[in-house]
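See below for the structure under consideration.
4 protein chains.
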Amino acid sequence: MIILLKNGVEKTQVDNLINWVKSQGLSVHLSEGQFQTVLGLIGDVSGVDIDLIRGLSIVENVTRVSEPYKNANRKFHPDDSVIRVGDTKIGGENFTFIAGPCSVESKEQICTIAGEVKAAGANLLRGGAFKPRTSPYDFQGLRGDGIELLLEAKELTGLPIVTEIMDLSHLPLFDCVDVIQVGARNMQNMELLKALGKTDKPVLLKRGLSSTLKELLMSAEYIMAGGNSKVILCERGIRTFETVTRNTLDISAVPALRELTHLPIIVDPSHAAGISRFVKTLSYTAAAAGAHGVMIEVHNDPQNALCDGAQSITPEEFAETVRGANKIREAIAGG
Amino acid sequence: MIILLKNGVEKTQVDNLINWVKSQGLSVHLSEGQFQTVLGLIGDVSGVDIDLIRGLSIVENVTRVSEPYKNANRKFHPDDSVIRVGDTKIGGENFTFIAGPCSVESKEQICTIAGEVKAAGANLLRGGAFKPRTSPYDFQGLRGDGIELLLEAKELTGLPIVTEIMDLSHLPLFDCVDVIQVGARNMQNMELLKALGKTDKPVLLKRGLSSTLKELLMSAEYIMAGGNSKVILCERGIRTFETVTRNTLDISAVPALRELTHLPIIVDPSHAAGISRFVKTLSYTAAAAGAHGVMIEVHNDPQNALCDGAQSITPEEFAETVRGANKIREAIAGG
Amino acid sequence: MIILLKNGVEKTQVDNLINWVKSQGLSVHLSEGQFQTVLGLIGDVSGVDIDLIRGLSIVENVTRVSEPYKNANRKFHPDDSVIRVGDTKIGGENFTFIAGPCSVESKEQICTIAGEVKAAGANLLRGGAFKPRTSPYDFQGLRGDGIELLLEAKELTGLPIVTEIMDLSHLPLFDCVDVIQVGARNMQNMELLKALGKTDKPVLLKRGLSSTLKELLMSAEYIMAGGNSKVILCERGIRTFETVTRNTLDISAVPALRELTHLPIIVDPSHAAGISRFVKTLSYTAAAAGAHGVMIEVHNDPQNALCDGAQSITPEEFAETVRGANKIREAIAGG
Amino acid sequence: MIILLKNGVEKTQVDNLINWVKSQGLSVHLSEGQFQTVLGLIGDVSGVDIDLIRGLSIVENVTRVSEPYKNANRKFHPDDSVIRVGDTKIGGENFTFIAGPCSVESKEQICTIAGEVKAAGANLLRGGAFKPRTSPYDFQGLRGDGIELLLEAKELTGLPIVTEIMDLSHLPLFDCVDVIQVGARNMQNMELLKALGKTDKPVLLKRGLSSTLKELLMSAEYIMAGGNSKVILCERGIRTFETVTRNTLDISAVPALRELTHLPIIVDPSHAAGISRFVKTLSYTAAAAGAHGVMIEVHNDPQNALCDGAQSITPEEFAETVRGANKIREAIAGG
């Protein structure tokens, strides 16, 4: 961490700051130039509150040279993390297909779709039991009952299940869930993240609609700081001024995150675009970008079912998407 | 709600949709033109799931003519809501000053500031007990103990207190809190909103960093749908590409919300700018825009205290802000 | 175009509007419901000024059913446009590699790079002669002399050249340029677009930093309305809150534009990311997304040249990018 | 300027960089720590191309300590610039009302409005002769004839006139125009800015839709670097995700620009909101924020005129706005 001091600050103030820094267990490298006084903080600065320093009257600017996340940081963990879920490995050289309906609606629905996506190549089954809806008057999901139905589909197909948690008080209901999803709206629900950090469940953490990649990594750090290192990151589109697509898939997030962190990165093209016709193409870009997988909404009858979104594709389209994404991965595997 | 159908859809599909609409207790006005078939839905459409209709294969576009929020809607509640907190009235013709430190740090700190902001004109005392920090390694607040200290400051000064809740499991700790704040990061924590809807506490609901005004109103609706109509909205800056200020205060949100809703609207200039030098000026714009009050971070020693942000002003600056904002309100009161 | 009228408007006002619409050569379909009065405008509404109608006191809302661009619209030109530049075809089934340095610096520099990118697979040579720089104190390009040097490189290699125009008064200098580029900052320089519409040169039109896809198409329409249909669209990243990359590549723009228009779509990964390490990966995503080509900054000595940006790759890296992008195109060609 | 070098760079590379910096007429302060090597550049660094340095392989990061704009910089010109236009002074303690129609339509229209806005308190008359429209099929303005009509209105009322230029080739037509406006779409039309820098006309420079304040100041610098220091900045709303208003007025830009520059700052509430009902309120916030004036669209018959936007107010509403804004300025004048 580099601290630039303002011109003409008093020596006692600088000494106070240096003493405080040392009291945090850090060393200080002082460079007093004609130009400007610069303090370099040496040691583990990930615990230093940068806002606190920026607020000091003698400070002009503070720059982090090292990132404030440690557990999630590629620098300290050069090898890719690989997270095992049942027989599936997520991360590293693996590419994982997570598929299923937006909402769990009935036993027949979820079991049918589970069978179809498994046949088409899915590794995990997704399905919403608790649904975060913008309106209190919209369908809020089957909640606990939805999880029961997912478990029945798991028993039938052998697919591990991924489903979203909306509040830490529901955690006991997720005991048999294989991967717990944290939705975009809850990416900075810090109490929930802390609670998940004390479990040993894999957590699929979605990027918030207006969250930077560094904030996403800080949220991962909340979970990992609690002792749970099984975090899977998910890029699902950010909010911009463009209105043709519902959100803007930030595909550069994939190579950027691969540099910044060792955690697996999944792309959710269904929520990113909000348009089913683009799901296949955006899945291809995820494969080309080096993502570790995709999470896709699939419905067995999207055209007629009233309870289905414009963003779901059919099992047939999903199968085609799996084939194409795998071909792309093979094409670039050598180079 | 106006539904535009695609060209050339089959009559049976249209009839299915019309029957479904009617089954929801709504009437339909059908306009079959050479040009395009348009369905007008008549009745209380606030409970209709617009995504569900947009997802149908026969639908080109859906437009809400009426807004999907009912309890928060100015149309159905033409008069301003006025929310009573102790002796203070928030909303209507009133202008409320909420002031206090970013974090509660100690009894001496909170009681000193409370006395000073009261003397300067504050109506309510704010102070963070639970702190949502981006980094798990930053100070997380005194939590339950912080609330105890706020209550001591309240007893000393008579100022009602406002403090932020971060998880619904903490609700019992907020029994004696006067106004419960929901932070920007939790604006769409739907389970928390539902839980607050079942209390009778005033809730100060902050706009999310990338939330639209309509989403803010939908989150208010979550609380109000549960029976609690005491919601105070708070504009605190949105995330844009501009970096000189930490966020961009959306001052137009004030006149826009005054049209859309009857709920009181508070502006938080401290978080909007993230720069203490701008707090006075932005408070003036809030008064000029017709806000119902401001919420301001005040620290008794911002220049030296290590635990203070760049966004806090001194009690003296706060007093000047109160005087200026009141003068502006008087200046435009007649016109 | 669908016009929703406000409740309770007077019949004479509605009649005035209908008469005005008819005076524009359009027919009107009037639907007077209990619910709301709706006017459907039938005919070629691309020339109707929607703001003008929205401004009327009797109008609640206006929705375009058809898009306001005609020449660029896929609906009226279902087949892909293919633009011939020398021996190269841009658009349709073709994938074009445009490569070259950020700025033309010297004869040796541009000729060396031209030879290297040609050998690596480039179809066109790009190079900046006029440089739009944020600061008036930064290098502004060799201007007319730069174009001369590009033409020498063209003579040497046979590669057609692409270079940016910054003002319509420079148009005579572009007589021998093969493709004229309009930069992001000039996407809405309407006078320049009109002037280019009167030439018969292919125009590579870059999307503005905060322009919607519809605005990009309207700018293409400015050129096409003048009679020049040789427009190539270029997605080069949009401005968002994310700061890890300089801009955010909107990869969904590719499938979205392929639906909306018949014009070729090129992706510029160099400017999108601003980071040379991501150029190869983002080029792969462009190929996977179905773009018609990529435009890439290549420098023969990026590590040491002082006049080179962080976004340029070497000829070797470019060659690898060409190979990988072609493999991806083959992989998905069948499906 | 502070340059942080990467760890482990070779001494010869560092020496090369230092020699190059010195060749630019700058001194270097070298701080070699165990921690990190830091170069401080001393002297006039406004001419140093920061991207060029950032692109070097040995550089980790570059931070400007001083801003890259010199002529526009408050640091070097501590006193407010006051720009005289006819009898009106813009900047400093003055508050200027600029008013007039969106487009000049006819002699009668512009002369009537000019008389009315003068009576209501306007200091300058605005009116569009050249109109930058998104669609080539929309009304493009009366162009040269519109300027003639503005000059007639000026003769009649004595109000100096402000009108927009769209291309530098039109400059001769602006000989008698008092203030030349550069629109948001042309804020980075560098060739136009340079041409204006060689005139002695006051220039009203609008902020681009997605331009940062620093970019706005760099565009002002383009004009000032040519010798024309009469630049008036205009905040007119930025593009965000919010859709209730057309753009988001960045009111914090006013106090921020007052710190960064000595140039006058005008607010355009009409374009910021795009909604006439908000123009009065947003003008009040401009006065409260410390702006040097407002520019407002006024039409004498907005409700019925077909050629008028939703953003124009009547002369009566404008008169009320003038009164209210002046009251606010008086209210805060003392404090």
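Chains as they are written, first to last, in this note's numbering: chain A, 140 to 474; chain B, 140 to 474; chain C, 140 to 474; chain D, 140 to 474. Every residue gets a Cβ at the ideal spot worked out from N, C-alpha and C, and that includes glycine.
Residue i to residue j span [Cα, whole Å]
i, j, result
"Val134/A", "Asp190/A", "Look at the range of chain A in this structure, 140 to 474, and you will see that residue 134/A is not part of it."
"Cys333/C", "Arg272/D", "Residue identity check: residue 333/C is Lys in the sequence provided, not Cys. Going by the C-alpha atoms only, they are around 12 Å apart."
"Leu402/B", "Asp218/B", "9 Å"
"Arg378/C", "Ser350/D", "9 Å"
"Arg203/D", "Gln279/C", "21 Å"
"Pro454/B", "Gln327/B", "33 Å"
"Thr198/D", "Val148/D", "Note on residue identity: the sequence assigns Val, not Thr, to residue 198/D. Each residue's alpha carbon lies about 9 Å from the other."
"Gln450/D", "Ala259/A", "54 Å"
"Asp407/A", "Val370/D", "47 Å"
"Pro240/B", "Lys270/B", "12 Å"
"Asn210/D", "Ile404/D", "16 Å"
"Met140/D", "Thr387/A", "35 Å"
"Glu291/B", "Lys246/B", "8 Å"
"Thr382/A", "Phe234/C", "27 Å"
"Ala458/B", "Leu352/B", "31 Å"
"Thr151/B", "Val201/C", "29 Å"
C-beta neighbour in chain A for residue i, strict 9 Å
i, result
"Phe417/C", "yes"
"Asp407/C", "no"
"Ser349/B", "yes"
"Leu281/B", "no"
Chain B within 9 Å of residue i, Cβ atoms only
i, result
"Gly186/D", "no"
"Thr273/A", "yes"
"Lys214/D", "no"
"Pro207/A", "yes"
"Ile404/D", "no"
Spatially closest choice to residue i from the options, by CA coordinates
i, options, result
"Gly534/D", "Ser422/D, Lys270/D and Glu244/D", "The displayed coordinates of chain D run from 140 to 474. Any statement about residue 534/D would go beyond what the structure contains."
"Ala430/C", "Phe457/C, Leu396/C, Ile452/C and Gly463/C", "Leu396/C"
"Glu360/A", "Glu374/A, Ala458/A and Leu344/A", "Leu344/A"
"Glu255/C", "Thr296/C, Pro311/C, Gly266/C and Cys373/C", "Thr296/C"
CB contact below 9 Å: residue i versus chain D
i, result
"Pro394/C", "no"
"Gly429/B", "yes"
"Lys333/C", "yes"
"Arg265/C", "no"
"Glu398/B", "yes"
CB contact check: residue i to chain C, cutoff 9 Å
i, result
"Tyr423/D", "no"
"Thr202/B", "yes"
"Thr387/A", "yes"
"Ala426/A", "yes"
Coarse secondary structure for residue i, derived from DSSP in three states
i, result
"Ser422/D", "helix"
"Leu396/D", "helix"
"Asp306/C", "coil"
"Ile197/A", "coil"
"Arg378/B", "coil"
"Leu445/A", "Reliability of the predicted coordinates at Leu445/A is poor, the pLDDT of 46 falling under 50, and the value obtained from them is presented with this limitation in mind. Here Leu445/A sits in coil by DSSP."
Closer than 9 Å, Cβ to Cβ, to anything on chain D: give me those residues from the stretch 365-380 of chain A, in chain order.
Arg378, Thr379 and Phe380
Could you list the residues in the stretch 448-471 of chain B with a C-beta less than 8 Å from some C-beta on chain D, going in chain order?
Glu459, Arg462, Gly463, Lys466, Ile467, Glu469, Ala470 and Ile471
Below 9 Å between beta carbons is the criterion; list the residues of the stretch 302-321 of chain B that meet it against any residue of chain A, in chain order.
Met305, Asp306, Leu307, Ser308 and His309
By the 9 Å beta-carbon criterion, what residues does the stretch 141-163 of chain B contribute toward chain C?
Ile141 and Leu143
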